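Heads up: the structure comes next, in structure tokens.
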Amino acid sequence: MAITLKDVAREAGVNVSTASRALNNSFGIHVDTRKRVLEVAERLKYRTNQVARGLVTGQSHSIGLVISDIRNPFFAEVARGAEDAAFHAGRDLVLCNSDLNAEKQMRYLDWLLAKRIDGIVINSVAPLSPAQQDQLWSAGVPIVLLNLSLAHRRSPLWRFSAAIADNLAGGEIAGNYLIDLGHAHVLHVTGPRTHGNFADRTIGFLNAFQRRGLPRPRVVYGEHTFGAAYQVAMQHLEADRNMTAIFAGNDVIAFGCMRAMMEKGVRIPEDVSIVGFDNLEMSQISSPPLTTIDQPKYETGKAAVEMLLSMMAKDGPHEPEHRIIGVRLIERESCRRIAGTAVQDRRSAKHLARDGSSHSLSAANKSVRDKPRKHSVKE
Ligand code: RIB
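According to my numbering, the stretch in the sequence shown is residues 213 to 591, in order.
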């Protein structure tokens, strides 16, 4: 049977309240009494009942992390960074998969709040109604968002603190890279249109083509899963024989497209080049290794929890902080230069990429930009 506080108190010869105050290092307990209670607790292997303690203190020493789907390895790395930061601060992490479903996301919020969770990081915000956004805002615990769209600057979601990858810049870097290699006929296969980070990547990518006077590439929105991307690629590889490159909204989408190309006998990069987004660990070992846009996943999860902890440490309202996380191109072997291009504006991709990443943030929001990172790394 589990040892209770009562057992410790009896064995140490003090009452329950004294035992509790000794264990909590409270003021006004004689040093000898504290020592005796701690020794007894140690000997009996007493474990504090965190649930009961939470009921008294109103704190659970836990942090909620709501993501869309842990099966995407991107989230495994984000979760690892978040957990390490939480562990370091003596908090545990409760993981919830929302499947990008607003109802499910709000149910999880209710459950987390009922468990008196101390703060919540939400990665992948499902499209929320204004009423749901208000519900989130009045949750009563600090909340940090990830994957918020930069286009949400004028939306009520911008009142939340957020750690956001510079998806606009990433999309533009990918677009300029392919254009510089001579690709003017590119298919963009991406995630749900309503999902802010995918939407920003698409805007950046289309901007690159528009700025350089090229026709607007075709965009196919869908689920951001391996299977859905495979289906899309199977259809389009059949229907569009002129396509010379694909920009995938993330690496998992890229892998689905690569599988379809393999089945159709389309050679990468000889026939079709492909660029992903995320730089998952496994993108180095795909065949061929995938050229992709890197976003620092572990660091993002860690930064989000650190932002949350500092909000939790302060009482009262706080200014939202929007931390924009830099991205960069990782060149591997999935793209090739092709002869002849319709590019009208021949400014270098590096120059345009820098343009693309220089979003200024409103002075009203305390904003931190990560140190500029190199835009391109050859592996
Ligand atoms: O929602 C999933 C995607 O969002 C991930 O693949 C990653 O790109 C993240 O930003």
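The beta carbon of each residue, even a glycine, is placed where N, CA and C say it ideally should be. The structure displayed is predicted, hence computed values, not measured ones.
Backbone secondary structure at residue i - three-state DSSP
{"i": "Tyr258", "result": "coil"}
{"i": "Asp452", "result": "coil"}
{"i": "Arg413", "result": "helix"}
{"i": "Arg549", "result": "coil"}
{"i": "Phe459", "result": "strand"}
{"i": "Phe372", "result": "coil"}
{"i": "Leu305", "result": "strand"}
{"i": "Asp392", "result": "helix"}
{"i": "Leu634", "result": "Residue 634 lies beyond the residue range present for the chain, which begins at 213 and ends at 591; the question has no answer from this structure."}
{"i": "Ser272", "result": "coil"}
{"i": "Val219", "result": "A small correction: the amino acid at residue 219 is Asp; Val does not occupy that position in the sequence shown. Looking at Asp219 - three-state DSSP - the assignment turns out to be helix."}
{"i": "Val484", "result": "coil"}
{"i": "Arg430", "result": "strand"}
{"i": "Leu492", "result": "coil"}
{"i": "Ala351", "result": "coil"}
{"i": "Gly331", "result": "strand"}
{"i": "Leu362", "result": "helix"}
{"i": "Asp506", "result": "strand"}
{"i": "Glu533", "result": "strand"}
{"i": "Ala561", "result": "Interpretation of Ala561 is limited by its pLDDT of 43, a score under 50 that renders its predicted location unreliable; no figure is taken from the coordinates."}
{"i": "Leu399", "result": "strand"}
{"i": "Ala377", "result": "strand"}
{"i": "Ile385", "result": "helix"}
{"i": "Ile279", "result": "strand"}
{"i": "Val612", "result": "What is shown of the chain runs 213 to 591, which leaves residue 612 out entirely."}
{"i": "Met213", "result": "coil"}
{"i": "Arg292", "result": "helix"}
{"i": "Val252", "result": "helix"}
{"i": "Glu435", "result": "coil"}
{"i": "Val478", "result": "coil"}
{"i": "Gly528", "result": "coil"}
{"i": "Gly408", "result": "helix"}
{"i": "Asp311", "result": "coil"}
{"i": "Phe299", "result": "helix"}
{"i": "Asn284", "result": "coil"}
{"i": "Arg424", "result": "coil"}
{"i": "Phe239", "result": "coil"}
{"i": "Leu340", "result": "coil"}
{"i": "Ser498", "result": "coil"}
Own chain, CB closer than 7 Å to residue i, minus 5 neighbours either side, in chain order
{"i": "Gln443", "result": "none"}
{"i": "Val249", "result": "Val220, Ala224, Val226, Ala231, Ala234, Leu235"}
{"i": "Ala253", "result": "Val220, Leu235"}
{"i": "Ser560", "result": "The pLDDT assigned to Ser560 is 44, lower than 50, so where the model puts this residue is not dependable, and the model offers no usable value."}
{"i": "Glu295", "result": "Leu305"}
{"i": "Ser498", "result": "Phe467, Met470"}
{"i": "Met494", "result": "Pro285"}
{"i": "Lys316", "result": "Ser310"}
{"i": "Ile550", "result": "Leu393, Gly394, His395, Thr456"}
{"i": "Ala214", "result": "none"}
{"i": "His530", "result": "Met523"}
{"i": "Met318", "result": "Gln344, Gln347"}
Same chain, Cβ closer than 6 Å to residue i, neighbours up to 5 away in sequence not counted
{"i": "Phe438", "result": "Val464, Phe467, Gly468"}
{"i": "Arg430", "result": "Leu399"}
{"i": "Ile334", "result": "Val278, Leu357"}
{"i": "Gly434", "result": "Ala440, Val444"}
{"i": "Arg405", "result": "Tyr433"}
Sequence-distant residues of its chain with Cβ nearer than 8 Å to residue i (five each side left out)
{"i": "Pro481", "result": "Pro500, Glu545, Ser546, Cys547, Arg548"}
{"i": "Ile329", "result": "Ser272, Ser274, Ile275, Gly276, Val306, Val353"}
{"i": "Ala314", "result": "Ala338, Pro339, Leu340, Ser341, Gln344"}
{"i": "Ala363", "result": "Gly408, Ala411, Asp412, Ile415"}
{"i": "Asn359", "result": "Asn335, Ser336, Val337, Ile376, Ala377, His407, Gly408, Asn409"}
{"i": "Tyr320", "result": "Gly276, Val278, Cys308, Ser310"}
Presumed contact (8 Å Cβ cut-off) between residue i and residue j, rounded CB distance
{"i": "Gly293", "j": "Thr512", "result": "7 Å"}
{"i": "Leu502", "j": "Ala301", "result": "Between Ala301 and Leu502 the Cβ distance is about 35 Å, and since that is not below 8 Å, they are no contact."}
{"i": "Ile458", "j": "Val401", "result": "6 Å"}
{"i": "Asp304", "j": "Ala297", "result": "With a Cβ gap of about 12 Å, Asp304 and Ala297 do not count as contacting."}
{"i": "Phe417", "j": "Ala386", "result": "6 Å"}
{"i": "His407", "j": "Leu312", "result": "7 Å"}
{"i": "Gly461", "j": "Gly403", "result": "5 Å"}
{"i": "Ser280", "j": "Ser310", "result": "6 Å"}
{"i": "Ala375", "j": "Met519", "result": "6 Å"}
{"i": "Asn491", "j": "Ile536", "result": "The Cβ separation is near 18 Å, so there is no contact."}
{"i": "Tyr510", "j": "Glu251", "result": "No, Tyr510 and Glu251 are not in contact; Cβ-Cβ is about 40 Å, not under 8 Å."}
Task: Cβ contact check for the segment 407-415 and the segment 376-387: 3 or more pairs under 8 Å - done: yes
TODO: Report yes or no: do the segment 244-264 and the segment 220-231 share at least 3 C-beta pairs separated by less than 8 Å?
DONE: yes
Task: At least 3 beta-carbon pairs within less than 8 Å: the segment 389-404 vs the segment 363-376 - done: no
Task: At least three beta-carbon pairs within less than 8 Å, the segment 272-279 to the segment 316-325 - done: yes
- [ ] Please determine if the segment 475-491 and the segment 447-462 are in contact, where contact requires at least 3 C-beta pairs separated by less than 8 Å.
- [x] yes
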